[in-house]
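Q:
In my numbering, the protein residues as written are 1318 to 1558.
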């Protein structure tokens, strides 16, 4: 755990969600395998590798259709499947059921870290708390609702709702608006992604904290690093029983 200087001036803490407050307990490949297994008989003779080799390219394109505001997120996500199925000669009517299944699987495997609720409860009396997450509304809001995360913070920003996406400075500005426009020097941003979270926070003028639960990433020089959320309490002097 890196050392934190005096942060008594901090008034606001904003968290990324996936990989920060919510843990993904399955590998992406596990989710893909589970999804394909449920539709394998209707996709035959396609293999999972053939399907997902095509799907990820289509998914990338559809994500950027949403980013460009040409389509809403749910439509974009559905068309990632539909365009894949058409390209591979399979039934595009499977797109809706496959998207629903994907969401179901993610909601099964994505769970709060063991210390998420305790840390948020400890911080809540002392700071304005928020969540800023990239993603489609239809999936991110389902996670937030399932785990009642909105009850533990003062505001939530899903990037599709804001119309901008980390690391774009404007989505951080949306979060700051919802936080009541604190001074930039008063804001910590906690996230696990070096580009979207840490780089975005720095560009927006916020103080970033990298959370690396698997010790996989070397933080940029001068960036505070923690390995679990409870370390944040220690660093802020709130770890007393």
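Every residue gets a Cβ at the ideal spot worked out from N, C-alpha and C, and that includes glycine. On a predicted model such as this, the values are computed, not experimentally measured, just so you know.
Please say whether residue 1474 and residue 1454 have beta carbons closer to each other than 8 Å?
A: Taking the first residue of the chain shown as position 1, residue 1454 is located at position 137. Taking the first residue of the chain shown as position 1, residue 1474 is located at position 157. Not in contact: residue 1454 and residue 1474 (Cβ atoms no closer than 8 Å).
Q: For my contact list, residue 1402 and residue 1412 are in at a C-beta cut-off of 8 Å; report their separation, rounded to the angstrom.
A: On the chain shown, position 85 is the one that residue 1402 refers to. On the chain shown, position 95 is the one that residue 1412 refers to. Their Cβ separation, rounded to whole angstroms, is 6 Å, which keeps residue 1402 and residue 1412 in contact under 8 Å.
Q: Within the chosen definition, does the stretch 1391 to 1409 reach the stretch 1359 to 1367 through at least 3 CB pairs nearer than 8 Å?
A: Flag = yes, the stretch 1391 to 1409 and the stretch 1359 to 1367 touch.
Q: In the DSSP assignment, what are the bridge partners of residue 1368?
A: For the purposes of this step, residue 1368 is identified with residue 51 of the chain shown, where counting begins at 1. Its beta-bridge partners do not exist; DSSP assigns none.
Q: How many whole angstroms separate the CB atoms of residue 1329 and residue 1444, which I take to be in contact at a CB cut-off of 8 Å?
A: Position 12 of the chain shown, counting from 1, holds the residue named residue 1329. Position 127 of the chain shown, counting from 1, holds the residue named residue 1444. Indeed, because the Cβ distance is near 6 Å, the residues count as touching under 8 Å.
Q: Indicate the three-state DSSP secondary structure (helix, strand or coil) for residue 1327 in the structure shown.
A: As a working note, residue 1327 is residue 10 in the chain shown. Note: residue 1327 maps to coil in three-state DSSP.
Q: Buried or exposed: residue 1390, going by 16 or more other Cβ atoms within 10 Å of its Cβ?
A: Along the chain shown, one-based indexing puts residue 1390 at 73. Label assigned to residue 1390: buried.
Q: CA-CA distance, residue 1426 and residue 1436?
A: Indexing the chain shown from 1 puts residue 1426 at position 109. Indexing the chain shown from 1 puts residue 1436 at position 119. Straight-line Cα distance between these residues: approximately 21 Å.
Q: Should residue 1378 go down as buried or exposed, given a rule of 16 or more other Cβ atoms within 10 Å for buried?
A: Locating residue 1378 in the chain shown gives position 61, where the first residue counts as 1. Residue 1378 is exposed by the Cβ-count criterion.
Q: Can you tell me which of 1415, 1527 and 1477 puts its alpha carbon nearest to the alpha carbon of residue 1331?
A: Taking the first residue of the chain shown as 1, we reach residue 1331 at position 14. Taking only the C-alpha atoms, the option nearest residue 1331 is 1527.
Q: Please classify residue 1476: is it buried, with 16 or more other beta-carbons within 10 angstroms of its beta-carbon, or exposed?
A: For the purposes of this step, residue 1476 is taken as residue 159 along the chain shown, with counting starting at 1. Looking at its Cβ environment, which holds 16 or more other Cβ atoms inside 10 Å, residue 1476 is buried.
Q: In whole angstroms, give me the CA-to-CA distance for residue 1520 and residue 1545.
A: Here residue 1520 refers to the residue found at position 203 of the chain shown. Here residue 1545 refers to the residue found at position 228 of the chain shown. Each residue's alpha carbon lies about 24 Å from the other.
Q: Does the separation of the CB atoms of residue 1456 and residue 1420 fall below 8 Å?
A: As a first step, residue 1456 must be located in the chain shown, where it is residue number 139. As a first step, residue 1420 must be located in the chain shown, where it is residue number 103. Against a cut-off of 8 Å, the Cβ pair of residue 1420 and residue 1456 comes out as a contact.
Q: Taking 6 Å as the limit between beta carbons, can you name the residues of its chain near residue 1327, skipping five residues before and five after?
A: Counting from one through the chain shown, the residue named residue 1327 turns up at place 10. So the list reads 1503 and 1505, once near-sequence residues are dropped.
Q: What residue does the beta strand (DSSP E) around residue 1447 start on, and which one ends it?
A: Looking up residue 1447 in the chain shown gives position 130. First-last of the beta strand (DSSP E) with residue 1447: 1445 to 1450.
Q: In whole angstroms, give me the CA-to-CA distance for residue 1325 and residue 1387.
A: Position 8 of the chain shown holds residue 1325. Position 70 of the chain shown holds residue 1387. Roughly 44 Å between the two C-alpha positions.
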